[in-house]
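Quick note on this note's numbering: the sequence shown kicks off at 3 and runs consecutively. Cβ coordinates follow ideal geometry from the N, Cα and C atoms, glycine included. Read through the structure below, which is laid out as structure tokens, and then see the notes.
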Amino acid sequence: MPDPVSIRERCLAAVATILAGVAEDEGAKFLRNPDFQLSRADAPVIVMMDGDERAEDDETGLLSVVIDVAVGLLIAFRSHAEVGPGLSEWRAKVRLAMAADPSLGGIARHVRYVEASGVDVPDQPGGKPLAGLVLGFEIETQEAEHDPYAQ
């Protein structure tokens, strides 16, 4: 019998599946929590970083848990003129995919988009412009107060 999977990991795995689908549709790589620094050769790539979590007892025997997820984009463009519009489109595609099933198949209360911030990527002489963006999401779910495997 397989080991049980925590509610947290079920939520994060669902997000990873969504982002891997966006990457596949866009001809990009998808990485979850890579243990190496990305380089120009990795672009285009969508990177998911598991984040911290916060929990509050809702006095019903359940914990309301909010899990932070950072989604990084590293994209090469043909010209500097394409960077702004191109990043806007990548951002929109990721947000749309994440909003398509805000309950992540019934394991989350909702997924909330909370922020986006640019990443400073130095130009390489003679190379294509490279741009980065990090999107922040929060996943709100519930766990049994003393059992992170049960809802």
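In this structure alanine 94 is exposed. Its beta-carbon is surrounded by fewer than 16 other beta-carbon atoms within 10 angstroms.
Between tyrosine 151 and proline 4, the CB-CB gap reaches or exceeds 8 Å. Shortest Cα-Cα distance from isoleucine 141 to any of Asp59, Trp92, Asp54, Glu147 involves Asp54.
Taking 8 Å as the upper bound for CB-CB distance, lysine 130 and arginine 80 are in contact here, some 6 Å apart. Leaving aside the five residues that flank cysteine 13 on each side, the residues in its chain whose CB is nearer than 8 Å to its CB run, in chain order, Ile69, Leu106, Ile109, Ala110, Ile141, Thr143.
One Cα belongs to alanine 101, the other to serine 41, and the distance between them is close to 29 Å. The secondary-structure analysis by DSSP pairs isoleucine 48 across a beta bridge with Phe32, Leu75. For leucine 21, the closest C-alpha among the options Glu147, Leu64, Ala72, Gln153 is that of Ala72.
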